[in-house]
Every structure is written in C-alpha cells, then in structure tokens.
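Take the first sequence: its position 638, counted from the start at 1, is 1406 in the numbering used here, and no numbers get skipped. Report on the structure given below.
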Amino acid sequence: MAFGKGCHLHLIDGSAFIFRAYHALPPLTRKSDGLPIGAVAGFCNMLWKYIEDAKGSDAPTHAAVIFDKGSHTFRNDMYDKYKANRDEMPQDLRPQMPLTREATRAFNIACEELEGYEADDIIATLARQAREAGGRVTIISSDKDLMQLVGGGVEMFDAMKNRAIGVEEVEAKFGVGPDRVVDVQALAGDSVDNIPGAPGIGVKTAALLINEYGDLETLLARASEIKQPKRRESLVDNADQIRLSKQLVTLDPQTPITFTLDDLEIREPLVETLLDFLNRMEFRTLTRRVAEKFNAEPPPAIEITASTDAATPAQDAPPITPESYVCIRDAKTLEKWLDQARARGWVAVDTETTSLDEMQADLVGVSLCIKAGQAAYIPLGHSMGEDDLFGGTARAEGQMDMDAALALLKPVLEDDSILKIGQNMKYDFKIFARHGIRVAPIDDTMLMSYAMFSGLHNHGMDALSDRYLNHQPIPIKDLIGSGKSQITFDKVAIDTATRYAAEDADITLRLWQQFKPRLHREQVTTVFETLERPMVPVLADMEMAGVKVDAQVLSRMSNAFAQKMAGLEDEIAQIAGTPFNVGSPKQLGEILFEKMGVEGGKKGKTGAYGTGADVLEDVTTLEDVNPQAAKLAARVLDWRQIAKLKSTYTDALQTHVNPETGRVHTSYSIAGANTGRLASTDPNLQNIPVRSEEGRRIREAFVAGPGMKIVSLDYSQIELRILAHVADLPEMKQAFKEGLDIHAMTASEMFDVPLDQMTSDIRRKAKAINFGVIYGISGFGLARNLRIPRAEAQGFIDRYFERFPGIRQYMDDTVAFAKEHKFVQTLFGRKIHTPEITSKGPSAGFAKRAAINAPIQGAAADIIRRAMIRMPAAIAGLPATMLLQVHDELIFEVENGAIDDLIAAARATMVGAAEPVMKLSVPLVVDAGQGASWAEAH
DNA sequence: AACTTCACG
DNA sequence: GACGTACGTGAAGTTC
C-alpha cells in the first residue's frame, strides 16, 4: 500500500532505546561465551513490548527504527566541538551495536541509518515526507531535540512514561511552540551535546526573550534594547555563536535517503527468523514468550559447554520431568522412600495446604525428593472436586490416613542425622509443628539465596528455578486458578497435584545441590548458618504464639473514628462547596489547586497534583491568602489521620484475630528486606502507630493474658552506635561510653554551644543530621526535612564532616568498595549487593545512598537477629514468651512474678549480642518497659 | 496493576 | 540553568 492519507507512520529512535536498555540493566553476558548482551536484551524486550502495545485501535500502518551511523556528521564539519564532551561509548556496549540492527530486522521492522547524518535528521526527513503525503506521524522518543518536529500531524510518544508529547507538552517544556523550539535551544545551548548557546541564558530566559521579540533574528537585531545588562551583553557579544547553535540544533529535513515511505509498511514478524535470533542470543524468557504468542515451537536451547559458571546445572542432573514423579498411597511405599532419606542423610520436603496462612492452613499433602529427578507426593487431605449432597466434600480415594503417614514421617523429620531441605522452611515448619512434629535439622534454599544474592533478585522458588535451573515450574494458577474462582489445593485432582508438588521438592533439592558448595565460594556460610537458618524455628515459635489483641477496644475505636470522619466529611464538603471523595487525592487536588485557586500545585509524573501531608501542611499556613483552602487542608489532614488509623489498624486488625487462638499471628519474612531486616506481613505489626498521641492508643489493644504483662526491650540509638564504631568517630564513641545525650553532644560540637546552654531547637537539628548521615545525607534532603534553605543545610553538612572526618572517609570508602565489588558488607559478613552502583543518572544517587546505609542498617539487623537466636536458651525456664520484633525492639509476654528476671536475662542477651565474634568499641544500651499493654510497655 | 499516601524503625 | 535526591519496609484506597 502506498503511503498517503489515513496512513500512520511510527518512527522509533533506536539509539534512545539502546542507551536506555544499556543503563537500565545490569551488565548481562551471554552464558555460553560471555559476550556482553544486556543492551541487546533490553532492546529486544522494548521492541517486543512496543509491538504488543502498538496493536491497539490507533495501530501504525508504517514503522521504522532509525539509528545513528558513526559519530561523524555534517554538524562536526560546522563545529568541531559538537558533542565533543561525550564520553566514549562503553567498551561492553560497542559490540552490541550491530546486534541491535540484527534484532530490528529479526522483528521484521524496517531498520534505517545514513552515513554523515544523525537519526534525528532521518526522522525529520521522514516526518516531512509523511506529512506532505497527508499521513500522520508518531515519533517514539522523549528526546527534546526532536520536539521541534511536533505539530501538524506529528506527535511524539514517550514509551517509558507511556505519555504522548504534543504541542502542549512541548510548550510546557520550552515555553514556546514547536516552531520556535530551535530558537530557544540556540539561546539556551546544551551541555550534553556541547551546544554553546548564549552564556548565562537558560531555557526560561530564552523563552521569555523569544516570546517578547517573536523570533531569534528579530531578537538579535534588537538585542541592544534589552534592559538587563547581562542578557544584553550575552546576546550582543555572542550573536555568531548563537546563530551557529541554531544551525546545530536544527534538524535537516532533506537528508538524501535512498528508500521511500512505502518501504516502511508494517510486516508481520517472520517467526522462525525471530526465534532463531532470540535463541542465539540465549534470551530464554523472551524466546518462550514469543513462541507462545505465535503458537510456535521454541527452538532447542543452545548447549552450554565452555562455562565455569556455577549457574550451569550439574551435567549429570536429568531433566525435570513431572510425569516421572511417584504418588505414594500406602505405608510400604512410604517406608521405602524414607529409607532412602535415611541412607543419604538428607531429603527435600515440601507441604501442600489449603491456605497461605500457616495458622489456618490444613495439610493436604507432603512431597519428598531424595535425588534430582526422584520425587514423590503423599496425598493426605484431598477431597473430591465437587461438593456432595450434604454440602460437604467426600474424601478422595487412594490416600494414606493422615495420622498414619505423619507417624511414619515424624521420626525422619525429627532425626538429627537427616537434613531436611526446604524452600521457605518456616512455612512447612509451622504446618508440621501444628501436627506435633518439630522439624530439625533444616536447610533452606530461599535463605541460602538470600545470604548469597541479597540485592540481586528475589528468592522465591520461581525466580530461583528460572535463574539457576533454567526451568519454569508449573504455575500454581494452572491448578487452582486465580481470583474469585480460585479453589483450595485439596480440591485439586491427585495426579495433577503429584506433578506440581513433587516438582517443587525436586527443584528445591536441585537448588540445594547447587547452592551448598557455592555458599563457601561466596564466603557467606557463616552468615547463613548463624544469621539466617537459626531464625526459622525462633520466628516460627513467635508467630505461632501470636499476640493477644482486644478486639473490643479496637471496635470501639473504629466506631468513634467513623463518627469523627463523618463530621469532618460534612465540614469538608461545606468548605469545598461540593461533596467529594476526601480519600481521592485526584479530586482533592483539583478542588484545592483549581477550584479554590491555591497556587504552587505541583503535578507528579502521572499529571496528578501532589497532596501529601507536607503539601497540605504548607496550604494550612495560607490563612491570610486563602483562608478557605487553609481550613480545608487542615480538615483533610485530620480526616486522613483518622481514616488511616481506622482502615489500616482498628478495622483491619480485628479481622486478623485468629478465631481459634483469639490472638493475632503476624508472619515475618526473613528474606524480604535487602539489608537483613525482617519484614512483617498479614498483618504488619512493625508499623503500629506510636508517633501521634491518637495513634498510640491503638497499642492499648495489644495486651497480655491474665496474670501477665507486656515487656518491651529496645536498643538505644543502635544505628548511630554502629556508625560510630565502623566510621571510627572518637568523639561520638566517647560520648556513648559516657552515656551522654548523643544528639546534644553532636549539636554542641557542631554549633559550639555548651551542653548546659543547649536549646531543643539546636538539638533537633543535630538529631536530623545524625539520622541524615545514616541515610547517605544530601543537602537537599536535610533542607527538606528541617524546612530550611538548602544552602544552610549544606553548611551544616560541611561542618559535620569537618567535625567528624571519619564520616566522609566511611562514605567514600563504602562507595568505592561497592563500585569495586558490586556489594557492601556488614560487620558480621552479610553481603548486600548493589548492582546499580555503576549506573548513570538518578539511580546512581539512590544506589550510593543505599550502599552507605546498608552496612549500618544491616549490622543493626544482624545484632538483633543474634539476640533473638540466643533468646530461647537465655530465657528458658522463665514463664515468658518472645512475641514480636520491631527492628530494634523485642516484645515479650511475661508472668507477673518473672518480669525482673526476664528483663535481666533478655537485656544481657541483647547487650552482648555482637559478642564474641565482634567486640564493638561502643557499648550497646537496652531500655526496658512493662505494662498491661504495649502502650504502657513502650 | 500502578500510583499515592502514610504507618513504623 | 535545570533536575532530582535523604535509608529500609507493608497496607489501604483510588484510578485506570
């Protein structure tokens, strides 16, 4: 079809795709030969996503990917410094360039480039031709240099933000229409491309001038009339340079291309060619996806031969074949399998249940694996798929009696000489514990992965299997469905369940065989054995104990909150002049910043006004300017606080009270947070309110049983103490040894104020700085936190570094270490990987601060883990139970008569938790509290 | 499912 | 001249 009216041309900025892919991904290499391949992988994924996304109602009729060719263009002949400040192309990107062209052709998309011209010029030429032919054009790019082309049927599309860029967006960015963009760019220049422009004039000023004088030539002609001396001189003195800049930024719409628009017509991918290319690149996931999409058979995976990578599955491991798994239906067969486990000394174990909540889940079956490929499933609680006449479910045929099977399993699961291997063993541990079996000893592939790879990827079975076994397990959704029609596992047919469940045990064993030797190579065996694995029984016991929560107290609070909210809603509707959903930030933003005319509303990346608490607090100060809005903001803040307390706490907590135990049982994820911290879920009991008076009252509902009290012990300033130790800060260490107020001491050092003349405001500032340092301080962040000018904040930081030179050293050393090794380490050897540390752009800043914070937050996490692991022995014999951990705090339930003993024993354990492996140069201090509720104990 | 907001250390 | 930043989490509600 000839290009013409009604046609729609997509032009993809290929170089932008490549660089985005390169910087977004870690430096991946092809497994078989180590060829750098990350950018190609990202590029292919982006192209694939583009193709999928472009299939909508506004689908293109023609499309092409346009690349830059070489680095020398006609602009270099005009100006030899053009793009001269660009870094050389990274070494590992260079060999990927031709592959991106090959990839484009493999997807059967037109692929064009032209010697001596930039991709932007070709795009300009094609856009012009398409417009002249009466068609429409969409440029897939967010490059500002292309914005001059927008308008009259040409628009841009930012594929990352999923956002169209039309005339309005261009005007928002440059302050002028697309036809004057080059004038503004000529004046403002561009440090990235080394366009000189007019010194001292940026986009804002340039737009102002162009809007006033109409265009660049008029402006330059009348430059002498400009009042501001700086601007006038800059324009008068640099007129030639500005004209040159304009030539440099203006795209050439007449490049001598040798193809026509008709050549760019959309073509279906040639499936075989495409799959062959993807397979040669060894992109497993994408190959599979593409094959699935076209219902094609994926080509046989490339054989990996010359690899020393431990990720290569053992040569002798048979392929994973779910059809070969055994279903154990009688005692004799089970005994045979258990004998195998006894003979080998290990067995991989996995349980299937009816729920993810271990406290409510019923056991449905157990799977075992004793050797890669040799796995079995023991169905124990399967029912018929359909309900019977009486609304109950009949037990499925061919299953062992549950008690009989567990009686055979128990001696093996509790046998000291047989290692039980699991993936996320805490889950199975709890299931078995509810049947009177304490599984030990254990290994856990999830925790092994966490010890070795924290920060690199998550540690779920699907991710590990895909990554380390090159195998995608049967998705659970295939068995039980999803959403409303989801069924419980006991309803799954036994033969289907056998394939799924035994596969999990098989995968777990294979992962374990691969990980076990690698723990040593990665030098994290001690971390795994002293900080990860022992947490499993400790946390399982805490979770099973649960904490008593008085639902009546919560219910009363919920009712009170509901009344208060209703009152506030009425008041808010009245101030706004119209009722609206107060819980909708979008509606609130529109009312505040449009209807009520509050100025300075800032839109986020989705185009919605920000209405966070800090923004609303600023609005409340506008009493004189806009009293109605100030009042509205204040009421909304009140409403928000109560709504949060009600929905997240007083309402939700009630639903988490277990009907059998009358207590709330959280679940801790051991491998959730990168730094070694735990995370609490379902419900999260690590973020129960405390900072506000109203919120703190929720803790009154966390109570002790009759004759008992809640006891709380928390580390005082543990992260600052660790910082003082690792960064070697003599003044701070001394202050901790003397038991001084550390924030007051910091303030005194920094602001030269004697301790006896300290004010709370100065101390507050020092406290914010102390925290800031732990987080990888920046002037901007501190300024925002303290609500002071940025320059002042920067002054504080400079002074802090001057007074505590060890800090700067620590930060520099940590970042340098991270850059060299791609991980950082805690005092106890825990590794936290920081793959982003070498990336460019904003993510580099994030990675840096995370790298600075991780060893400190991580060491604190290590220390409380050590205390928790020792705690059961330390308090054995006392009528006390450890219930909760909140990062630096442990909460116990203790009989009244044993409170002092408990505090003494637990405090000693916590204070000495770093020893004997680590002798800190600062003391650890533990504060204790007690009471009828958590509110009183804290 | 993504985004925004807000609770904690 | 402009941009975009404090570290680590989980849950609820709205919007698409």
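Glycine is no exception: its CB is placed at the ideal position from the N, C-alpha and C atoms. All figures in this text were calculated on a predicted structure; none of them were measured in a lab.
**OP:** Determine the contact status of residue 1651 and residue 1661, defining contact as a CB-CB distance below 9 Å.
**Re:** yes
Original post:
Counting only runs that start and end within the stretch 1065-1150, where is the beta strand (DSSP E) found for 3 or more residues in a row?
Top reply: 1114-1121, 1131-1139 and 1142-1147
Original post:
Under a Cβ-count criterion, where at least 16 other Cβ atoms within 10 Å of its own Cβ denotes burial, should residue 1026 be classed as buried or exposed?
Top reply: exposed
Original post:
Going by other Cβ atoms of all chains shown within 10 Å of its Cβ, with 16 needed for buried, is residue 1545 buried or exposed?
Top reply: buried
Subject >> Three-state secondary structure assigned by DSSP to residue 1433 >> reply: coil
Original post:
What does a CB cutoff of less than 7 Å around residue 912 pick up in its chain, not counting 5 residues either side in sequence?
Top reply: 941
Original post:
How is the beta strand (DSSP E) around residue 1591 delimited, first residue to last?
Top reply: 1591-1593
Original post:
Buried or exposed: which applies to residue 832, given that a residue is buried once 16 or more other Cβ atoms fall within 10 Å of its Cβ?
Top reply: buried
Original post:
Nearest CA to the CA of residue 1726: which residue from 1219, 1068 and 1036?
Top reply: The structure shown has nothing for residue 1726, since the chain only spans 769 to 1706.
**OP:** Have a look at residue 1079 and residue 1636 and give me their C-alpha separation to the nearest angstrom.
**Re:** With a pLDDT of 43 at residue 1079, under the threshold of 50, the modelled position of this residue cannot be trusted; read the value that follows with caution. Cα to Cα, the separation comes out at about 34 Å.
Subject >> Cα-Cα separation between residue 1436 and residue 1090, rounded to whole angstroms >> reply: 32 Å
Subject >> Cut-off 7 Å between Cβ atoms - residues of its own chain near residue 1294, not counting five sequence neighbours on either side >> reply: 1597
Subject >> Contact check, residue 1135 vs residue 1143, beta carbons under 9 Å >> reply: yes
Original post:
What whole-angstrom Cβ distance do residue 1467 and residue 1706 have, given they're in contact under 8 Å?
Top reply: 7 Å
**OP:** Please state if the CB of residue 1595 and the CB of residue 1686 are separated by a distance shorter than 9 Å.
**Re:** yes
Original post:
Under a three-way DSSP split, which group does residue 831 fall into?
Top reply: strand
Original post:
Curious, which full-length alpha helix (DSSP H) runs of at least 4 residues does the stretch 1280-1333 contain?
Top reply: 1303-1313
**OP:** Can you give me the start and stop residues for the beta strand (DSSP E) that residue 1478 sits inside?
**Re:** 1476-1483
Original post:
Is the closest heavy atom of the ligand HEM to the C-beta of residue 1598 under 8 Å?
Top reply: This structure simply doesn't include the ligand HEM, nor any ligand for that matter.
Original post:
From this set, 950, 1111 and 1253, which residue's C-alpha is nearest residue 985's C-alpha?
Top reply: 950
Original post:
Is it a yes or a no for the stretch 1247-1265 touching the stretch 1312-1325, going by three-plus beta-carbon pairs under 8 Å?
Top reply: no
Original post:
So, is residue 1004 buried or exposed, given that buried needs 16 or more other C-beta atoms within 10 angstroms?
Top reply: exposed
**OP:** Could you name the residues of the same chain whose beta carbon sits closer than 8 Å to that of residue 988, not counting the 5 residues immediately before and after it, in chain order?
**Re:** 1003, 1007, 1010 and 1011
Original post:
According to the neighbour-count rule (16 or more other Cβ atoms, all chains shown, within 10 Å of its Cβ), is residue 1504 buried or exposed?
Top reply: buried
Original post:
Contact check, residue 1232 vs residue 1140 under 8 Å by CB: the rounded distance?
Top reply: Contact doesn't hold; Cβ gap of about 15 Å is too wide.
Original post:
Going by other Cβ atoms of all chains shown within 10 Å of its Cβ, with 16 needed for buried, is residue 725 buried or exposed?
Top reply: In this structure the chain extends from 769 to 1706, so residue 725 is not present and cannot be described.
Original post:
Distance, Cα to Cα, residue 1225 vs residue 1584?
Top reply: 22 Å
Subject >> Minimum C-alpha distance to residue 1703 - residue among 1227, 1221, 916 and 1480 >> reply: 1480
Subject >> Residues of its chain near residue 1073, where Cβ-Cβ distance is below 6 Å and the 5 sequence neighbours each way are ignored >> reply: Reliability of the predicted coordinates at residue 1073 is poor, the pLDDT of 49 falling under 50, and no value is obtained from them.
Original post:
Is residue 780 buried or exposed, if buried means 16 or more other CB atoms sit within 10 Å of its CB?
Top reply: buried
**OP:** Buried or exposed for residue 1576, please, with buried defined as at least 16 other CB atoms from any protein chain shown within 10 angstroms of its CB.
**Re:** exposed
**OP:** Quick one: residues in its chain with C-beta nearer than 7 Å to the C-beta of residue 1119, no 5 flanking neighbours on either side, listed in chain order?
**Re:** 1131, 1134, 1196 and 1199
Original post:
Expressed to the nearest angstrom, what Euclidean distance is found between the alpha-carbon atoms of residue 1369 and residue 1571?
Top reply: 39 Å
Subject >> Uninterrupted beta strand (DSSP E) stretches inside the stretch 1635-1661 (no shorter than 3 residues) >> reply: 1648-1653
Subject >> Element boundaries [beta strand (DSSP E), containing residue 791] >> reply: Taken as a continuous stretch (DSSP letters only), residue 791 belongs to no beta strand (DSSP E), being part of the alpha helix (DSSP H) at 782-792.
**OP:** Ignore the nearest five residues each way along the sequence and tell me which others in residue 1493's own chain have a CB closer than 6 Å to its CB.
**Re:** 1688, 1689 and 1690
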